[in-house]
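Student: Per the numbering used here, the sequence shown runs over residues 1291 to 1468. Ideal placement from N, C-alpha and C gives every residue a C-beta, glycine not left out.
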Amino acid sequence: LLLSDIRGFTRLGACMKPGELHQLLQEMHAPLVETIFKHDGSIDKFIGDAILAVFGSPEEDPLQFEKALNAAIEMQQRVKEINLKRIEAGNVPVDIGIGLHCGEVAHGFIGSEDRLEFTVVGNTVNLAARYCDGAGAGEIVISQNLVNNLPHRTDLEHVTLDVKHGQKIEAFVLRQLT
């Protein structure tokens, strides 16, 4: 799972008119979604300014872990390109944080007879959100589970994240994003 979130969005949104906010989300989401699709991911849902993407589902993909990481790296690069245009147009730059995690999920139709949505649920989704919460602007935070499924990498820094309810989780921050 890949979860990305705009940093400082609530504060930014408080200073913008609804139309401007909509424009910002369109400006950000379009290239990020394109990048996720390019790496064979699918969009599970938009959660306000956040994007939840799934790799290796509904059909398994032996390269799903690497594709998710490559999508995250390219997404951060795309945000840098967006920001160059935003600054040139006199707008404030916007950054995202990305969390990557893998594990078992329940996926299927959730909802009621009146409205069903195909989605993923479970503790793996909740943990992906915690890794995303731990990612600062321009960062990619990766779970140990995902690291275990990647080829050896030397560009990871071990960190401990403080998460909800005073708990801590171990993670890795991808360094050398240029």
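#1: For the candidate residues VAL1323, ASP1330 and PHE1355, whose alpha-carbon lies nearest to that of ILE1341?
#2: Just verifying my parser: in three-state terms, what is the DSSP assignment at GLY1426?
#3: Would the beta-carbon of SER1433 fall within 7 Å of that of HIS1391?
#4: How long is the line joining the alpha carbons of HIS1329 and HIS1448, rounded to whole angstroms?
#5: Around the C-beta of SER1294, are 16 or more other C-beta atoms found within 10 angstroms, so that it is buried, or is it exposed?
#6: Just to check my reading of the structure: ALA1461 and VAL1431 have Cβ atoms closer than 8 Å, yes? What is that Cβ distance to the nearest angstrom?
#7: According to the Cβ coordinates, are VAL1384 and ILE1459 closer than 7 Å?
#8: Write down every uninterrupted run of the alpha helix (DSSP H) in the region 1310–1358 whose length is 4 residues or greater and which is fully enclosed by it, in chain order.
#9: From GLN1457 to TYR1421, what does the alpha carbon distance come to, in whole angstroms?
#10: Exposed or buried, ASP1452, counting other C-beta atoms within 10 Å across all chains shown (16 or more means buried)?
#11: How many Å lie between GLU1356 and LEU1406 at the Cα?
#12: Exposed or buried, what is ALA1396 when buried is set at 16 or more other beta-carbons lying within 10 Å of its beta-carbon?
#13: Just the C-alpha distance for GLN1354 and THR1325, rounded to the nearest angstrom, thanks.
#14: Going by other Cβ atoms of all chains shown within 10 Å of its Cβ, with 16 needed for buried, is LEU1374 buried or exposed?
#15: Along the chain, which unbroken stretches of the beta strand (DSSP E) at least 3 residues long are found entirely within the region 1407–1467?
#16: Just list the residues that DSSP pairs HIS1397 with in beta bridges.
#17: Which stretch, first to last residue, makes up the beta strand (DSSP E) that contains LEU1293?
#18: Which residues bound the beta strand (DSSP E) around GLY1283?
Tutor: With the given structure in hand:
#1: On the sequence shown, residue 1341 is found 51 positions in, with the first residue counted as 1. It is VAL1323 whose Cα lies nearest to the Cα of ILE1341.
#2: Reading the sequence shown from its first residue, position 136 is the one you call residue 1426. DSSP places GLY1426 in coil when its eight states are reduced to three.
#3: The residue given as residue 1433 occupies position 143 in the sequence shown. The residue given as residue 1391 occupies position 101 in the sequence shown. Yes; because the gap between Cβ atoms is below 7 Å, this pair is in contact.
#4: Counting from 1 along the sequence shown, the entry for residue 1329 is found at position 39. Counting from 1 along the sequence shown, the entry for residue 1448 is found at position 158. Cα to Cα, HIS1329 sits roughly 26 Å from HIS1448.
#5: Working through the sequence shown from its first residue, we reach residue 1294 at position 4. When all chains shown are included, SER1294 counts as buried.
#6: Residue mapping note: residue 1461 aligns to position 171 of the sequence shown, counting from 1. Residue mapping note: residue 1431 aligns to position 141 of the sequence shown, counting from 1. Right, their Cβ atoms sit about 5 Å apart.
#7: In the sequence shown, residue 1384 corresponds to position 94, counting from 1. In the sequence shown, residue 1459 corresponds to position 169, counting from 1. The answer is no: Cβ separation not under 7 Å.
#8: none
#9: Residue numbering aside, residue 1457 sits at position 167 when the sequence shown is read from its first letter. Residue numbering aside, residue 1421 sits at position 131 when the sequence shown is read from its first letter. Roughly 13 Å between the two C-alpha positions.
#10: Working through the sequence shown from its first residue, we reach residue 1452 at position 162. So ASP1452 counts as exposed.
#11: Within the sequence shown, residue 1356 is the residue found at index 66, counting from 1. Within the sequence shown, residue 1406 is the residue found at index 116, counting from 1. The straight-line gap from Cα to Cα measures roughly 31 Å.
#12: Reading the sequence shown from its first residue, position 106 is the one you call residue 1396. By the 10 Å Cβ count, ALA1396 comes out exposed.
#13: Along the sequence shown, read from residue 1 onward, the residue named residue 1354 stands at position 64. Along the sequence shown, read from residue 1 onward, the residue named residue 1325 stands at position 35. Rounded to whole angstroms, GLN1354 to THR1325 spans 14 Å at the Cα level.
#14: On the sequence shown, residue 1374 is found 84 positions in, with the first residue counted as 1. Exposed is the call here.
#15: 1430–1433, 1446–1452 and 1458–1464
#16: Looking up residue 1397 in the sequence shown gives position 107. In DSSP, HIS1397 forms a bridge with VAL1410.
#17: Sequence index remark: in the sequence shown, residue 1293 carries index 3 (1-based). Note, LEU1293: beta strand (DSSP E), 1292–1296.
#18: Residue 1283 falls outside the range modelled here, since the chain spans only 1291 to 1468, and no answer is possible.
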